[in-house]
Amino acid sequence: MILLTLLKGKLHRVRVTAVELEYEGSCAIDSELLAAAGIHPYEQIHIYDVNNGDRFSTYAISASAGSGIISVNGAAARRVSLGDVLIIAAYAQVTADAVAGFRPQLVYVDEHNRIIRRNQHIDSAPA
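Just so we're aligned, residue 105 is where the sequence shown starts under this note's numbering, counting upward by one.
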């Protein structure tokens with residue numbers, strides 16, 4: 105059986121609201137944002153920092169619903185700065201037969217990490 109790793113959920117251009125070096129790890133994310141992107145607490149996530157180009161992985165934990173919190177914690181806190189713009193992605197392994205019907209949950213936010221748009225496909229890239 106062939107498994108392909110596909111984008112499952114993405115939070116696009118969220119802003120870092122807290123950086124907690126002494127916390128035991130993870131990235132705390134507003135639970136409404138997690139649910140919208142189909143990301144579960146303790147699920148592995150990949151974080152891409154738009155400001156500095158850094159890319160790393162950690163796991164998600166749930167923050168208060170509607171809070172807009174994006175708190176990068178523990179060792180990962182050294183990789184971002186307060187206010188940085190991030191792309192947070194989660195991936196799933198899907199059988200080759202299931203690829204045709206697979207759709208990611210894409211969530212776009214404003215400068216306060218409030219949802220402004222959702223989609224299940226990425227528009228064509230600019231030429």
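Here a beta-carbon is modelled for each residue, glycine too, at the ideal position from N, C-alpha and C. These numbers come from a predicted model, not from an experiment.
* Check whether the segment 154–163 touches the segment 215–222, taking contact to mean three or more Cβ pairs, one atom from each stretch, closer than 8 Å. => As far as the Cβ criterion goes, the segment 154–163 does not touch the segment 215–222, which means the pair count is below three.
* To do: Would you tell me roughly how many angstroms separate the C-alpha atoms of Thr109 and Ala196, rounded to the nearest one?
  => Each residue's Cα considered, the two are about 6 Å apart.
* Residues bridged to Tyr212 [DSSP beta-bridge criterion] -> Partner(s): His116 and Arg221.
* To do: Take Gly157 as the anchor and find which of Leu190, Val123, Leu107 and Arg119 has the nearest alpha-carbon.
  => Of the candidates Leu190, Val123, Leu107 and Arg119, the one whose C-alpha sits nearest the C-alpha of Gly157 is Leu190.
* Please state whether DSSP places Arg207 in a helix, a strand or coil. => Arg207 falls in the coil class under three-state DSSP.
* Does the distance from the C-beta atom of Glu128 to that of Asn177 stay below 9 Å? -> A Cβ-Cβ contact shorter than 9 Å links Glu128 with Asn177.
* For Arg183, I'd like the list of residues in its chain whose CB is within less than 6 Å of its CB, leaving aside the five on either flank, ordered along the chain. => Cβ neighbours of Arg183 beyond the five flanking positions: Asp158 and Phe160.
* Asked: My guess is that Ile133 and Ala167 are in contact by the Cβ rule of under 8 Å, so how many angstroms apart are they, rounded?
  -> Right, the Cβ-Cβ distance comes to about 6 Å (below 8 Å), so this counts as a contact.
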